[in-house]
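So the protein lines, in turn, are chains A and B. Using our numbering, the letters of the first sequence map in sequence onto residues 111 to 452. Using our numbering, the letters of the second sequence map in sequence onto residues 15 to 313. Only one structure is covered here, and it is reproduced in the block below.
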Amino acid sequence: MGQLVSIHERVSENLNRALHSAIGADKQLYLLGEDVCDPYGGAFKVTRGLSSSYPERVLSTPLSEASITGVAGGIALSGGKAIVEMMFADFAALAFDSILNFASKSVAMYGVRLPMHMVLRAPSGGGRGYGPTHSQSLHKHFIGIPHLSLFELSPLHDNHDVLEKMLTRGEPCIFFEDKTLYTRRMYRDGQIDDIFGFDYIDEEQNFARISIDGYQKSDVVLIAAGGMVERCLQAARDLFIEHEISCQIIVASRIFPIDPDPLVPILSTAGLVCVVEESTAGGTWGSEVAHALYERMWDELPGRIELVHSKNSIIPTAAHLEKDVVVQTADIYRSVRSALHA
Amino acid sequence: MTLSRLVDDDLELLLLIRHFESALLELFGEGKLHGTTHTCLGQEYIPVALEPFFGRGDFVFSNHRGHGHYLSRFRDPESLLAEIMGREGAVCSGVGGSQHIRREGYLSTGVQGESLPVAAGVALTMKSAGEGALAAVYIGDGTWGEGTVYETLNMARLWCLPLVVVVENNHIAQSTATEKQMAGSIAGRASAFDIAHHLVRGNDINQIREQLDSVFAGVRNGAGPVVIEFDTNRIGPHSKGDDTRDATELARVREHDWYSAYERQHPAQFRAADERQRELIDTVVRSVESRPASRWDNS
Ligand SMILES: Cc1ncc(C[n+]2csc(CCOP(=O)(O)OP(=O)(O)O)c2C)c(N)n1
Numbered sequence: 111m112g113q114l115v116s117i118h119e120r121v122s123e124n125l126n127r128a129l130h131s132a133i134g135a136d137k138q139l140y141l142l143g144e145d146v147c148d149p150y151g152g153a154f155k156v157t158r159g160l161s162s163s164y165p166e167r168v169l170s171t172p173l174s175e176a177s178i179t180g181v182a183g184g185i186a187l188s189g190g191k192a193i194v195e196m197m198f199a200d201f202a203a204l205a206f207d208s209i210l211n212f213a214s215k216s217v218a219m220y221g222v223r224l225p226m227h228m229v230l231r232a233p234s235g236g237g238r239g240y241g242p243t244h245s246q247s248l249h250k251h252f253i254g255i256p257h258l259s260l261f262e263l264s265p266l267h268d269n270h271d272v273l274e275k276m277l278t279r280g281e282p283c284i285f286f287e288d289k290t291l292y293t294r295r296m297y298r299d300g301q302i303d304d305i306f307g308f309d310y311i312d313e314e315q316n317f318a319r320i321s322i323d324g325y326q327k328s329d330v331v332l333i334a335a336g337g338m339v340e341r342c343l344q345a346a347r348d349l350f351i352e353h354e355i356s357c358q359i360i361v362a363s364r365i366f367p368i369d370p371d372p373l374v375p376i377l378s379t380a381g382l383v384c385v386v387e388e389s390t391a392g393g394t395w396g397s398e399v400a401h402a403l404y405e406r407m408w409d410e411l412p413g414r415i416e417l418v419h420s421k422n423s424i425i426p427t428a429a430h431l432e433k434d435v436v437v438q439t440a441d442i443y444r445s446v447r448s449a450l451h452a
Numbered sequence: 015m016t017l018s019r020l021v022d023d024d025l026e027l028l029l030l031i032r033h034f035e036s037a038l039l040e041l042f043g044e045g046k047l048h049g050t051t052h053t054c055l056g057q058e059y060i061p062v063a064l065e066p067f068f069g070r071g072d073f074v075f076s077n078h079r080g081h082g083h084y085l086s087r088f089r090d091p092e093s094l095l096a097e098i099m100g101r102e103g104a105v106c107s108g109v110g111g112s113q114h115i116r117r118e119g120y121l122s123t124g125v126q127g128e129s130l131p132v133a134a135g136v137a138l139t140m141k142s143a144g145e146g147a148l149a150a151v152y153i154g155d156g157t158w159g160e161g162t163v164y165e166t167l168n169m170a171r172l173w174c175l176p177l178v179v180v181v182e183n184n185h186i187a188q189s190t191a192t193e194k195q196m197a198g199s200i201a202g203r204a205s206a207f208d209i210a211h212h213l214v215r216g217n218d219i220n221q222i223r224e225q226l227d228s229v230f231a232g233v234r235n236g237a238g239p240v241v242i243e244f245d246t247n248r249i250g251p252h253s254k255g256d257d258t259r260d261a262t263e264l265a266r267v268r269e270h271d272w273y274s275a276y277e278r279q280h281p282a283q284f285r286a287a288d289e290r291q292r293e294l295i296d297t298v299v300r301s302v303e304s305r306p307a308s309r310w311d312n313s
């Protein structure tokens, strides 16, 4: 079956296949969400085909984000596993209590370790003109919660592996899926384009590294998660072609908890380290990464870690206004250039 | 279905909404619109029927499917189209777009159910003011899945608030049939909170107004909250190009369309008004399309 998959598989198709295999392989695994059943197959078509194959475990729910997350908690409590699709990540705010006060705490608050196998899928981010209540990056609101792990969809990480990791972790996970990725292609076999290739820097394959073929050492290391890959890549291309600045891009699959160890050898030879995220500034993943790196390798860092965020703003609907707020390729390019000149 | 003759003004408003919504789907088809939109095709008669019940001091809360609600209240297609297209003259500078709109006595937002308690809060201040104003909130049948609906009904009844919950029950939420989302009924749920429930069938605007006249008067006079449920049909897609209903079902819902029925029953009046509104919307589209991008003072 593996060979039949075209190298041009879209990210949403890869995720869809991964969901098919996971639900097919585990009779205790449920998937719940609004409009996830066929023929609709979810607002972003990620759950296509699942309800036809597994009608008793793939359920379209009422508009009840708080309670379907609670139901997932009940499935986990019974020893099963559950995946919940939030139609838009923004609505995870409605499920916040269930995640914070029930699912994650239950892992520890009864005095013994209680595995809670559940994954909340959260289609995130702007760039599609959906407006202020359908476009946010909520990552920062979930960072630092004990027993809650955060992952992000990535075109460099096969979703079969990522899903397996999340479903066996024994604690609830949120899977942030940048909506702009769904229609993008997965990268495979270490290839990106005629300039860049990629590999993994750790055994777990949590961190993918995009680098210029043949360059051992880079002027700049950008650290990002999946949704930012395209924008970082374009900035890296422009910086290389226009200024011969060489960039590596580290792409994290699990974004929290943060284990900085695999990054140390790469960052200690860099000229600039920059964390890029779509979130607004203030208590973010990026600042958490920077903090972890300062703790781990203060003396070896090339200097202050540069953070790139969206503007401190709600996300407007109109394309021209949205572009002005949400991190673009040009913002990354500009931040790198000015940090190098500083 | 027999539709009584409307005064010209009502018919023009109905057709204004119809042509506005049709134009949006066309603009999407041509790639001239960005993002998403939810048209109220088939449901236009609801806000038109309710329009005379809302006075200046009242507050109308709308939802994602809100263009008809807005157009009925303000009759101002330019500001709405400019909002949806992000052009100069947009009612909220292009920031809110189709589903986040605020204008005097009117507000919509994109999180289902969220405006219910807000409407109750507005109604609470209206009750204190004692001037007979009311807050109305439009929701769909699917939104009855949200717990906040029940928390709000409870408070609204306990505090006897001047709150009108208008339910546009089109028997579907996005792609999911209501019978797969809702146990029991809206009437049963209202009754559980001891809240009066009025079911409105059919799309004869004159009849609907007759039926509801005393209901609105009651709310203004302190009778407490009501639920008005419209049994209606969404004849267009949920958003754009995402209708998964089969041909038989689509044919069934189209049979309920007031547009063709009214055309058949009142051809002369219809034709003139239809032509006028179609042209008006054409002009609005051309005007808005040619405008520069909206500006937003984000300080
Ligand atoms: C809290 C929340 N959950 C989900 C959505 C996505 N969504 C938008 S409209 C809709 C269906 C609403 O159905 P209904 O209330 O029946 O109104 P209709 O679309 O039929 O007018 C859904 C699921 C949302 N906007 N807010």
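Backbone N, C-alpha and C fix where the C-beta goes; we use that ideal spot for every residue, glycine too.
Work out the CA separation of residue j and residue i for me, nearest whole Å.
{"i": "B:G43", "j": "B:G236", "result": "48 Å"}
{"i": "B:A204", "j": "B:T166", "result": "11 Å"}
{"i": "B:D23", "j": "B:L30", "result": "10 Å"}
{"i": "B:V179", "j": "B:T50", "result": "25 Å"}
{"i": "B:A170", "j": "B:V240", "result": "9 Å"}
{"i": "A:E83", "j": "A:E387", "result": "The structure shown does not extend to residue 83 of chain A, since chain A is modelled only from 111 to 452, so the question has no answer here."}
{"i": "B:E26", "j": "B:D311", "result": "35 Å"}
{"i": "A:R294", "j": "A:L266", "result": "11 Å"}
{"i": "A:S343", "j": "A:A380", "result": "Here residue 343 of chain A turns out to be Leu, not Ser, going by the sequence shown. Roughly 17 Å separates the two Cα atoms."}
{"i": "A:C357", "j": "A:L129", "result": "34 Å"}
{"i": "A:A402", "j": "A:P282", "result": "22 Å"}
{"i": "B:L39", "j": "B:S313", "result": "34 Å"}
{"i": "B:I295", "j": "B:T162", "result": "38 Å"}
{"i": "A:L187", "j": "B:L138", "result": "41 Å"}
{"i": "A:A440", "j": "B:N217", "result": "53 Å"}
{"i": "A:P165", "j": "A:E313", "result": "37 Å"}
{"i": "A:I305", "j": "B:E58", "result": "55 Å"}
{"i": "A:V374", "j": "A:A452", "result": "23 Å"}
{"i": "A:M81", "j": "B:D257", "result": "No information on residue 81 of chain A is available, as it lies outside the stretch 111 to 452 that chain A covers here."}
Spatial neighbours of residue i within its chain, please: C-beta separation below 6 Å, excluding the five flanking residues on both sides.
{"i": "B:P61", "result": "G82, H83 and S86"}
{"i": "A:R55", "result": "This structure cannot settle anything about residue 55 of chain A, because the visible part of chain A is limited to 111 through 452."}
{"i": "A:S473", "result": "Outside the shown range of chain A, which is 111 to 452, sits residue 473 of chain A, and nothing can be said about it."}
{"i": "B:H185", "result": "T192"}
{"i": "A:Y140", "result": "R167, I185 and A192"}
{"i": "B:H52", "result": "H78, R79 and S253"}
{"i": "B:E65", "result": "S86"}
Tell me which same chain residues have a C-beta within less than 8 Å of the C-beta of residue i, skipping the five on either side of it?
{"i": "A:L382", "result": "D329, V330, V331, P412, G413, E416, V446, A449 and L450"}
{"i": "A:G112", "result": "A caution first: A:G112 carries a pLDDT of 41, below 50, which makes its placement in the model unreliable, though a value can still be read off. Result list for A:G112: empty, nothing under 8 Å."}
{"i": "B:V45", "result": "Per the sequence presented here, residue 45 of chain B reads as Gly, with Val not at that position. No residues qualify anywhere along the chain."}
{"i": "A:Q301", "result": "G307 and F308"}
{"i": "A:S259", "result": "M276, R279, E281, P282, C283, I284, R364, F366 and P367"}
Taking 7 Å as the limit between beta carbons, can you name the residues of its chain near residue i, skipping five residues before and five after?
{"i": "A:V272", "result": "F261 and S363"}
{"i": "B:R268", "result": "I249"}
{"i": "A:K433", "result": "none"}
{"i": "A:E144", "result": "S170, T171, L173 and M197"}
For a contact defined as C-beta to C-beta under 8 Å, what are the partners of residue i on chain E?
{"i": "B:H114", "result": "Chain labels in this structure do not include chain E; the protein chains are A and B."}
- Item | Contact list for the segment 228-243 of chain A against chain B, Cβ threshold 7 Å | R238, G239, Y240, G241, P242 and T243
- Task: Scan the segment 166-208 of chain B and note each continuous alpha helix (DSSP H) run of 4 residues or more that stays entirely inside, going in chain order.
- Result: 200-206
- Could you list the residues in the segment 150-166 of chain A with a C-beta less than 7 Å from some C-beta on chain B, going in chain order? Y150
- Item | Within the segment 326-391 of chain A, ranges of the beta strand (DSSP E) (whole runs, at least 3 residues) | 330-335, 357-362, 364-366 and 382-390
- Task: Using a Cβ-Cβ cut-off of less than 8 Å, give me the residues of the segment 281-294 of chain A that come near chain B, in sequence order.
- Result: none
- Message: Give the list of continuous beta strand (DSSP E) stretches no shorter than 3 residues that lie fully inside the segment 55-96 of chain B.
- Response: 73-76
- Query: Can you list the alpha helix (DSSP H) stretches of 4 or more residues lying completely in the segment 116-154 of chain A, in chain order?
  - Reply: 121-135
- Where the segment 43-56 of chain B meets chain A: residues whose CB sits under 9 Å from a CB there: L47, H48, G49 and T50
- Name, going along the chain, the residues of the segment 168-189 of chain A whose beta-carbon falls closer than 9 Å to a beta-carbon of chain B. S170, T171, P172, L173, S174, E175, A176 and S177
- Ignoring anything shorter than 3 residues or poking outside the segment 273-335 of chain A, list the beta strand (DSSP E) runs there in chain order. 283-288, 306-310, 317-322 and 330-335
- Message: Restricting to runs no shorter than 4 residues, where is the alpha helix (DSSP H) found entirely within the segment 177-263 of chain A?
- Response: none
- Mind listing which residues of the segment 407-432 of chain A have their C-beta closer than 7 Å to chain B's C-betas, in chain order? S423, P426, T427, A428, A429, H430 and L431
- Run through the segment 234-295 of chain B for me and flag every whole beta strand (DSSP E) of 3 or more residues, listed as ranges in chain order. 240-245
- Message: To be precise: take each residue of the segment 294-312 of chain B, compare its Cβ to all Cβ atoms of chain A, and keep it if any distance is under 7 Å. Which residues remain?
- Response: A307, S308, W310 and N312
- Task: Identify each residue in the segment 83-94 of chain B for which the Cβ-Cβ distance to at least one residue of chain A is less than 9 Å, and report them in chain order.
- Result: none
- Residues of the segment 150-170 of chain B with a CB closer than 7 Å to any CB of chain A: list them in chain order, please. G156, T157, G159, E160 and G161
- Query: At a Cβ cut of 8 Å, what residues of the segment 184-214 of chain B count as close to chain A, listed as they run along the chain?
  - Reply: A187, Q188, S189, T190, K194, Q195 and M196
- Message: In chain order, what are the residue ranges of uninterrupted alpha helix (DSSP H) at least 4 long that sit wholly in the segment 101-168 of chain B?
- Response: 129-143
- Message: Any C-beta of chain A within less than 9 Å: which residues of the segment 100-132 of chain B qualify?
- Response: G100, R101, A104, C106, S107, G108, V109, G110, G111, S112, Q113, H114, T123, G124, V125, Q126, G127 and E128
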